[in-house]
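In the numbering used here, the protein residues as written are 2 to 195.
Printed below as a string of structure tokens:
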């Protein structure tokens with residue numbers, strides 16, 4: 002599979018629809034034999050309040066993800082009692098990319114959130130995941146503590162919004178965008194069109 006980007010996925014790690022689209026996108030990448038760049042798009046960026054998991058809007062989003070998951074044979078798991086900010090998780094992936102472990106960190110974060118319900122807003126948990134990936138514990142903690150990649154995460158969201166992205170998940174390719182959940186076949190058609 003080539004690492005040449007042929008599109009971008011704007012996503013957030015706590016978004017159940019992003020998780021389900023990620024599953025479909027991996028299949029589409031296997032069909033097309035190329036990768037799509039993953040670009041962070043925080044649902045709630047600090048200092049805005051964290052998402053209230055009992056808010057009607059969030060419950061509707063979760064229920065929509067459950068319906069999609071049942072139809073596709075996947076599940077986003079149980080609705081979380083806490084929806085943390087994800088900036089530090091995105092920072093961890095940017096740090097991991099410097100060590101050629103970005104895709105592995107990305108995959109691990111989604112798995113931990115939706116298969117185990119892990120709170121990825123906690124630095125100690127992110128550092129433990131980094132160590133599991135083979136990254137140095139001290140260097141990872143220092144990187145996260147000093148917000149080394151925080152400006153990059155914020156800038157990615159601002160650039161996405163300037164390009165017309167309003168919410169995750171959104172696929173972008175060739176000046177076009179495709180919002181919300183799409184199945185593998187729809188993704189392949191979108192990314193394979195010229």
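Idealized CB from N, CA, C, for every residue including glycine. As the structure is a prediction and not an experimental result, all values here were calculated from the model.
- Of all alpha-carbon atoms in 119, 164, 77 and 65, the one lying nearest the alpha-carbon of residue 87 is that of 119.
- DSSP places residue 11 within a strand segment (E or B) once states are collapsed to three.
- For residue 87, the secondary structure class from DSSP, reduced to helix, strand or coil, is coil.
- Straight across, the Cα-Cα distance linking residue 191 with residue 49 is about 33 Å.
- At a cut-off of 4 residues, the continuous stretches assigned as alpha helix (DSSP H) that sit fully inside the region 93-155 are 103-117, 124-134 and 138-146.
- Boundaries for residue 41: no alpha helix (DSSP H) harbours it, while the beta strand (DSSP E) harbouring it runs 38-41, taken from the DSSP string.
- DSSP places residue 168 outside both helix and strand once states are collapsed to three, so it counts as coil.
- In this structure residue 93 does not touch residue 44 by the C-beta definition: roughly 17 Å separates them, more than the 8 Å allowed.
- Within 10 angstroms of the beta-carbon of residue 72 lie fewer than 16 other beta-carbons, which makes it exposed.
- Annotation: residue 8 to residue 178 spans about 10 Å, alpha carbon to alpha carbon.
- Per DSSP, the unbroken beta strand (DSSP E) holding residue 177 starts and ends at 177-180.
- Taking the Cα of residue 170 as reference, the smallest distance to any Cα among 40, 83 and 159 is reached at 40.
- Here the C-alpha atom of residue 193 lies approximately 35 Å from the C-alpha atom of residue 135.
- Within the same chain, Cβ atoms closer than 7 Å to the Cβ of residue 26 are found at 10, 37 and 188, the five residues on either side in sequence being excluded.
- In the three-state DSSP reduction, residue 35 falls in the strand class (E or B).
- Residue state for residue 173 is assigned as strand, using DSSP reduced to three classes.
- Bounds of the alpha helix (DSSP H) holding residue 73 are 57-73.
- By the C-beta criterion, the region 66-86 is judged to be in contact with the region 105-118, since at least 3 inter-stretch pairs fall below 8 Å.
- Each residue's CA atom was taken as its position, placing residue 30 and residue 47 some 32 Å apart.
- With contact defined as three or more Cβ pairs closer than 8 Å, the region 51-70 and the region 12-23 are in contact.
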